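In our numbering, the protein residues as written are -10 to 183.
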(Lines of atoms letter the chains of each structure in order from A and count residues from 1; the text may use other names and numbers.)
(Lines give C-alpha, C1' and ligand atoms only; values in the text may rest on other atoms or scores of the structure.)
Protein backbone atom coordinates (compact mmCIF):
# COMPACT_ATOMS: atom_id res chain seq x y z
CA UNK A 1 0.00 0.00 0.00
CA UNK A 2 1.47 3.32 -1.01
CA UNK A 3 1.47 6.67 0.74
CA UNK A 4 -1.34 7.88 -1.53
CA UNK A 5 -3.44 4.82 -0.69
CA UNK A 6 -2.79 5.42 3.02
CA UNK A 7 -3.92 9.04 2.58
CA UNK A 8 -7.08 7.82 0.84
CA UNK A 9 -7.83 5.58 3.82
CA UNK A 10 -7.29 8.47 6.23
CA UNK A 11 -9.46 10.75 4.07
CA UNK A 12 -12.32 8.23 4.14
CA UNK A 13 -12.19 8.08 7.96
CA UNK A 14 -11.26 11.62 9.00
CA UNK A 15 -10.80 14.15 6.20
CA UNK A 16 -9.73 16.81 8.73
CA UNK A 17 -6.47 14.94 9.27
CA UNK A 18 -5.40 15.92 5.76
CA UNK A 19 -5.77 19.62 6.54
CA UNK A 20 -2.46 21.37 6.54
CA UNK A 21 -0.67 19.05 4.11
CA UNK A 22 1.53 21.13 1.84
CA UNK A 23 1.69 20.97 -1.96
CA UNK A 24 4.27 18.63 -3.51
CA UNK A 25 7.98 19.28 -3.15
CA UNK A 26 9.52 20.71 -6.29
CA UNK A 27 12.28 18.95 -8.19
CA UNK A 28 14.65 21.62 -6.83
CA UNK A 29 13.50 20.88 -3.24
CA UNK A 30 14.20 17.17 -3.71
CA UNK A 31 17.57 17.81 -5.38
CA UNK A 32 18.61 20.09 -2.51
CA UNK A 33 17.61 17.40 -0.03
CA UNK A 34 19.56 14.65 -1.77
CA UNK A 35 22.57 17.00 -1.91
CA UNK A 36 22.28 17.72 1.84
CA UNK A 37 22.06 13.98 2.55
CA UNK A 38 24.72 13.09 -0.02
CA UNK A 39 22.44 10.20 -0.97
CA UNK A 40 19.43 9.45 -3.12
CA UNK A 41 16.10 9.09 -1.33
CA UNK A 42 14.37 5.73 -0.96
CA UNK A 43 11.57 5.59 -3.54
CA UNK A 44 8.81 5.45 -0.92
CA UNK A 45 10.22 8.57 0.81
CA UNK A 46 10.46 10.33 -2.55
CA UNK A 47 6.78 9.45 -3.15
CA UNK A 48 5.74 10.99 0.18
CA UNK A 49 7.56 14.30 -0.44
CA UNK A 50 6.55 14.42 -4.11
CA UNK A 51 2.93 14.24 -2.91
CA UNK A 52 3.13 16.62 0.08
CA UNK A 53 6.16 18.67 1.11
CA UNK A 54 5.43 18.72 4.82
CA UNK A 55 2.55 19.83 6.95
CA UNK A 56 1.63 23.08 8.71
CA UNK A 57 2.29 23.38 12.44
CA UNK A 58 -0.37 21.84 14.65
CA UNK A 59 -1.44 19.23 12.13
CA UNK A 60 -0.45 15.60 12.75
CA UNK A 61 -1.23 13.19 9.92
CA UNK A 62 0.48 10.10 11.31
CA UNK A 63 -0.74 9.15 14.79
CA UNK A 64 0.51 12.29 16.49
CA UNK A 65 3.43 12.88 14.13
CA UNK A 66 3.81 15.76 11.68
CA UNK A 67 5.18 15.28 8.16
CA UNK A 68 8.39 17.28 7.73
CA UNK A 69 9.23 19.26 4.59
CA UNK A 70 12.28 18.58 2.42
CA UNK A 71 13.73 21.85 3.72
CA UNK A 72 13.21 20.85 7.38
CA UNK A 73 14.78 17.44 6.75
CA UNK A 74 17.82 19.07 5.10
CA UNK A 75 18.07 21.53 8.02
CA UNK A 76 18.06 18.60 10.46
CA UNK A 77 20.81 16.85 8.44
CA UNK A 78 22.97 19.99 8.57
CA UNK A 79 22.37 20.29 12.32
CA UNK A 80 23.49 16.69 12.90
CA UNK A 81 26.58 17.27 10.72
CA UNK A 82 27.51 20.33 12.83
CA UNK A 83 27.01 18.34 16.05
CA UNK A 84 29.29 15.60 14.72
CA UNK A 85 31.98 18.16 13.87
CA UNK A 86 31.86 19.48 17.45
CA UNK A 87 31.38 16.26 19.42
CA UNK A 88 32.14 13.31 17.15
CA UNK A 89 30.43 9.95 17.19
CA UNK A 90 29.33 8.40 20.47
CA UNK A 91 29.10 4.59 20.58
CA UNK A 92 25.71 3.20 21.67
CA UNK A 93 25.30 -0.09 23.51
CA UNK A 94 22.33 -2.45 23.16
CA UNK A 95 21.57 -0.99 19.76
CA UNK A 96 19.17 -2.64 17.34
CA UNK A 97 21.54 -4.91 15.38
CA UNK A 98 20.15 -3.59 12.09
CA UNK A 99 21.55 -0.08 12.66
CA UNK A 100 25.06 1.37 13.04
CA UNK A 101 26.21 1.55 16.67
CA UNK A 102 26.72 5.28 17.22
CA UNK A 103 24.84 8.48 17.95
CA UNK A 104 24.03 10.90 16.60
CA UNK A 105 23.66 8.85 13.47
CA UNK A 106 23.88 11.12 10.41
CA UNK A 107 22.32 8.35 8.34
CA UNK A 108 19.09 8.33 10.37
CA UNK A 109 17.02 10.87 8.48
CA UNK A 110 13.69 12.11 9.85
CA UNK A 111 10.49 12.20 7.79
CA UNK A 112 7.94 12.66 10.61
CA UNK A 113 8.38 14.43 13.96
CA UNK A 114 6.50 14.88 17.21
CA UNK A 115 8.04 18.39 17.38
CA UNK A 116 9.80 17.58 20.67
CA UNK A 117 12.99 16.04 19.23
CA UNK A 118 11.66 12.56 18.36
CA UNK A 119 11.45 11.28 14.81
CA UNK A 120 10.21 8.53 12.54
CA UNK A 121 12.58 8.36 9.61
CA UNK A 122 14.73 6.23 7.37
CA UNK A 123 18.22 4.74 7.54
CA UNK A 124 20.66 5.44 4.72
CA UNK A 125 23.51 3.32 6.15
CA UNK A 126 22.18 0.26 8.00
CA UNK A 127 24.38 -2.46 9.42
CA UNK A 128 24.99 -5.64 7.42
CA UNK A 129 21.79 -7.18 8.84
CA UNK A 130 19.68 -4.10 8.04
CA UNK A 131 17.98 -2.86 4.87
CA UNK A 132 18.77 0.42 3.10
CA UNK A 133 15.81 2.76 3.65
CA UNK A 134 14.51 0.85 6.67
CA UNK A 135 12.21 2.84 8.96
CA UNK A 136 13.72 3.89 12.29
CA UNK A 137 12.32 5.67 15.30
CA UNK A 138 14.87 7.83 17.12
CA UNK A 139 15.24 10.98 19.16
CA UNK A 140 15.72 12.66 22.50
CA UNK A 141 13.22 10.54 24.45
CA UNK A 142 14.43 7.22 23.07
CA UNK A 143 17.41 5.46 24.68
CA UNK A 144 18.40 3.98 21.31
CA UNK A 145 17.10 3.98 17.73
CA UNK A 146 14.84 1.08 16.74
CA UNK A 147 13.95 -0.33 13.35
CA UNK A 148 10.16 -0.51 13.01
CA UNK A 149 9.74 -1.63 9.38
CA UNK A 150 11.83 -2.58 6.36
CA UNK A 151 10.42 0.38 4.40
CA UNK A 152 7.80 3.11 4.56
CA UNK A 153 5.87 1.09 1.97
CA UNK A 154 5.64 -1.76 4.51
CA UNK A 155 4.81 0.64 7.35
CA UNK A 156 1.97 2.25 5.38
CA UNK A 157 0.56 -1.22 4.64
CA UNK A 158 0.59 -2.02 8.37
CA UNK A 159 -0.96 1.33 9.27
CA UNK A 160 -3.67 0.89 6.64
CA UNK A 161 -4.51 -2.52 8.14
CA UNK A 162 -4.82 -0.90 11.58
CA UNK A 163 -7.20 1.69 10.12
CA UNK A 164 -9.36 -0.99 8.48
CA UNK A 165 -9.54 -2.84 11.82
CA UNK A 166 -10.71 0.32 13.58
CA UNK A 167 -7.72 0.47 15.94
CA UNK A 168 -7.73 4.26 16.17
CA UNK A 169 -9.66 7.18 17.58
CA UNK A 170 -10.01 10.73 16.33
CA UNK A 171 -9.89 13.61 18.76
CA UNK A 172 -9.58 17.37 18.68
CA UNK A 173 -6.27 18.67 20.02
CA UNK A 174 -5.96 22.44 20.15
CA UNK A 175 -8.40 22.91 17.28
CA UNK A 176 -6.78 20.29 15.06
CA UNK A 177 -7.90 16.74 14.31
CA UNK A 178 -5.53 14.12 15.66
CA UNK A 179 -5.55 10.34 15.29
CA UNK A 180 -4.30 8.11 18.08
CA UNK A 181 -4.37 4.40 18.83
CA UNK A 182 -7.21 2.94 20.83
CA UNK A 183 -5.81 1.99 24.24
CA UNK A 184 -5.03 -1.70 24.64
CA UNK A 185 -5.63 -2.64 21.01
CA UNK A 186 -2.73 -5.09 21.14
CA UNK A 187 -1.07 -3.68 18.05
CA UNK A 188 2.71 -3.82 17.91
CA UNK A 189 2.62 -0.46 16.16
CA UNK A 190 0.69 1.07 19.04
CA UNK A 191 3.75 0.46 21.20
CA UNK A 192 5.91 2.33 18.71
CA UNK A 193 3.76 5.22 17.51
CA UNK A 194 2.04 6.62 20.59
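Quick reminder that beta carbons are idealized off the backbone N, C-alpha and C, glycines included. From a predicted model like this one, the values you see are computed outputs, not experimental measurements.
* Asked: When burial is assigned at 16 or more other CB atoms within 10 Å of the CB, is residue 104 buried or exposed?
  -> Here residue 104 is taken as the residue at index 115 of the chain shown, counted from 1. Exposed.
* Determine the contact status of residue 25 and residue 72, defining contact as a CB-CB distance below 8 Å. => Along the chain shown, one-based indexing puts residue 25 at 36. Along the chain shown, one-based indexing puts residue 72 at 83. It is not a contact, given that the beta carbons lie outside the stated cut-off.
* **When 148, 155, 164 are compared against residue -9, the one with the closest alpha-carbon** => Here residue -9 refers to the residue found at position 2 when the chain shown is read from its first residue. Per the Cα distances, 148.
* **Per DSSP, cross-strand counterpart(s) of residue 110** => For this step, residue 110 is matched to residue 121 along the chain shown. Its beta-bridge partners are 99, 125.
* Asked: Looking at residue 47 and residue 165, is the spacing between their C-beta atoms short of 8 Å?
  -> Position 176 of the chain shown, counted from the first residue, corresponds to residue 165. Position 58 of the chain shown, counted from the first residue, corresponds to residue 47. Contact: yes.
* DSSP state of residue 171 mapped onto helix, strand, coil -> The sequence position of residue 171 within the chain shown is 182, counting from 1. Correct three-state label for residue 171: coil.
* Taking only the alpha-carbon atoms, compute the straight-line gap between residue 127 and residue 112 and give it to the nearest angstrom. => To locate residue 127, count along the chain shown from 1; it is residue 138. To locate residue 112, count along the chain shown from 1; it is residue 123. About 11 Å.
* **Distance, residue 143 Cα to residue 110 Cα** => The residue labelled residue 110 in the question sits at position 121 within the chain shown. The residue labelled residue 143 in the question sits at position 154 within the chain shown. Between residue 110 and residue 143, the C-alpha separation is close to 13 Å.
* Does the pairing of the region 7 to 14 with the region 115 to 129 give three or more beta-carbon distances under 8 Å? -> no
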